[in-house]
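Asks: Numbers in this note's numbering are just positions in the sequence shown, counted from 1, shifted up by 1. Where is the CB? At the ideal position from N, CA and C, for every residue including glycine. Here the structure is a predicted model, which is why all the values come from computation and not from measurement.
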Amino acid sequence: METFILEIQQEVTPNPESLKFSTNLSILPNYQIEYKAKDEVKGESLLADALFDLPFVQSVFLSQNFVTVTKKADADWFHITTPIIEAIELFHKSGKPFVSENLKSKGEFSETKTDGSENSTQDKIISLLDKYVRPAVEMDGGYIAFRSFENGIVKLSMQGSCSGCPSSQVTLKAGIEGLLKRMLPEVQEVVAVEE
């Protein structure tokens, strides 16, 4: 039997307060979830609980094969990256699942569901986000979740390293809004909403 060797790579993000920790593990293959505080976890993710046990962790974002950790402002990455990597390694060695069965059964998806008609503007927006926006944003440890489209306004949630990132407004307005307005004339504006 082959021994699995866990690989964790830390990656800088555009947000100086966030680092992306990529792994060769499948953490959340079908969705993403962000916790802004330990009390939000409520037993849904034992990995997030373990990371919040570190006193310098501000928020935790879990995705397909990476974890983005946002630190508290007074913490220095030089001193805290090793404890974060060790926490992920220890958690993996424990054999515990990354998320609870309760969360899996709830079907917690970051995406707002559409009305199901494949030609709706919402579906087109989500398709454009999937094709052009999310791959680049996920490379930086973030995620852009569609929330709604109403009266020409697209509402998106910025998660992971995108949340609180100094360049998030540029990404939102120059990148995403520009793309959606070019491709879908019914889109007038794109705004970020807080969760």
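What are the complete alpha helix (DSSP H) segments, minimum 4 residues, inside the stretch 11-55?
Replies: Counting whole runs of 4 or more residues, the stretch 11-55 contains the alpha helix (DSSP H) stretches 39-42 and 47-53.
Asks: Is the Cβ-Cβ distance between Phe62 and Glu41 less than 8 Å?
Replies: Against the sequence shown, residue 62 aligns to sequence position 61. Against the sequence shown, residue 41 aligns to sequence position 40. Not closer than 8 Å, so no.
Asks: Can you tell which of Ser46, Ile145 and Ala51 has the C-alpha that lies nearest to the C-alpha of Pro98?
Replies: Locating residue 98 in the sequence shown gives position 97, where the first residue counts as 1. Per the Cα distances, Ser46.
Asks: Under DSSP, the alpha helix (DSSP H) around Phe79 begins and ends at which residues?
Replies: Along the sequence shown, read from residue 1 onward, the residue named residue 79 stands at position 78. Unbroken alpha helix (DSSP H) run through Phe79: Trp78 to Ser95.
Asks: Since Gly153 and Gln189 are thought to touch, with beta carbons under 8 Å apart, how far apart are those beta carbons, to the nearest angstrom?
Replies: The count along the sequence shown starts at 1 and reaches residue 153 at position 152. The count along the sequence shown starts at 1 and reaches residue 189 at position 188. Right, the Cβ-Cβ distance comes to about 3 Å (below 8 Å), so this counts as a contact.
Asks: Between Val138 and Ile145, which are expected to be in contact by the criterion C-beta below 8 Å, what is the C-beta distance as a whole number of angstroms?
Replies: The residue you call residue 138 lines up with position 137 of the sequence shown. The residue you call residue 145 lines up with position 144 of the sequence shown. Between Ile145 and Val138 the Cβ distance is about 5 Å, and since that is below 8 Å, they are a contact.
Asks: Could you tell me if Met159 is buried or exposed, where buried requires 16 or more neighbouring beta carbons within 10 angstroms of its beta carbon?
Replies: Walking along the sequence shown from the start, residue 159 turns up at place 158. With 16 or more Cβ atoms within 10 Å of its Cβ, Met159 is classed as buried.
Asks: Look at the alpha carbon of Gln10 and the alpha carbon of Glu195, and state the distance between them as a whole number of angstroms.
Replies: As a first step, residue 10 must be located in the sequence shown, where it is residue number 9. As a first step, residue 195 must be located in the sequence shown, where it is residue number 194. Taking the straight line from one Cα to the other gives about 29 Å.
Asks: If you follow the beta strand (DSSP E) that Gln65 is in, where does it begin and where does it stop?
Replies: Taking the first residue of the sequence shown as 1, we reach residue 65 at position 64. Careful: Gln65 lies outside any beta strand (DSSP E) and carries neither H nor E.
Asks: Given a cut-off of 8 Å, decide if Thr122 and Phe150 are closer than it, judged by their beta-carbon atoms.
Replies: The count along the sequence shown starts at 1 and reaches residue 150 at position 149. The count along the sequence shown starts at 1 and reaches residue 122 at position 121. Yes, these two residues count as a Cβ contact at 8 Å.
Asks: Report buried or exposed for Ala175, applying the criterion of at least 16 other Cβ atoms within 10 angstroms of its Cβ.
Replies: Here the question's residue 175 lines up with position 174 in the sequence shown. Exposed: under 16 other Cβ atoms inside 10 Å.
Asks: Quickly, what does DSSP pair Lys156 with across the bridge? List them, please.
Replies: Here residue 156 refers to the residue found at position 155 when the sequence shown is read from its first residue. Its beta-bridge partners are Ser149 and Val192.
Asks: Here's the rule: buried if 16 or more other CB atoms are within 10 angstroms of the residue's CB, otherwise exposed. What is Gln170?
Replies: Numbered from 1 along the sequence shown, position 169 holds the residue referred to as residue 170. The residue is exposed, with fewer than 16 neighbouring Cβ atoms inside 10 Å.
Asks: Out of Thr69, Leu48 and Phe5, which has the shortest C-alpha to C-alpha gap to Ser23?
Replies: In the sequence shown, the residue the question calls residue 23 occupies position 22. It is Thr69.
Asks: Please report the straight-line C-alpha distance between Gly96 and Lys73, rounded to a whole angstrom.
Replies: Taking the sequence shown and counting its residues from 1, the one referred to as residue 96 is at position 95. Taking the sequence shown and counting its residues from 1, the one referred to as residue 73 is at position 72. Cα-Cα distance, rounded: 28 Å.
Asks: Tell me the DSSP secondary structure of Thr113 in three-state form.
Replies: Counting from 1 along the sequence shown, the entry for residue 113 is found at position 112. Note that Thr113 has pLDDT 49, beneath the 50 cutoff, so the model's placement of it is unreliable and the number below is only indicative. Correct three-state label for Thr113: coil.
Asks: Can you list, in chain order, the residues of its chain whose CB lies under 8 Å from that of Leu29, leaving out five sequence neighbours each side?
Replies: As a first step, residue 29 must be located in the sequence shown, where it is residue number 28. Taken in chain order, the residues that qualify are Leu63, Ser64, Gln65, Phe99 and Val100.
Asks: So what's Val138 in DSSP terms, helix, strand or just coil?
Replies: Here residue 138 is taken as the residue at index 137 of the sequence shown, counted from 1. Note: Val138 maps to helix in three-state DSSP.
Asks: Using DSSP bridges, identify the partner residues of Val171.
Replies: Taking the first residue of the sequence shown as position 1, residue 171 is located at position 170. None, per the DSSP bridge assignment.
Asks: From Val191 to Ile177, what does the alpha carbon distance come to, in whole angstroms?
Replies: Working through the sequence shown from its first residue, we reach residue 191 at position 190. Working through the sequence shown from its first residue, we reach residue 177 at position 176. The alpha-carbon atoms of Val191 and Ile177 are separated by roughly 7 Å.
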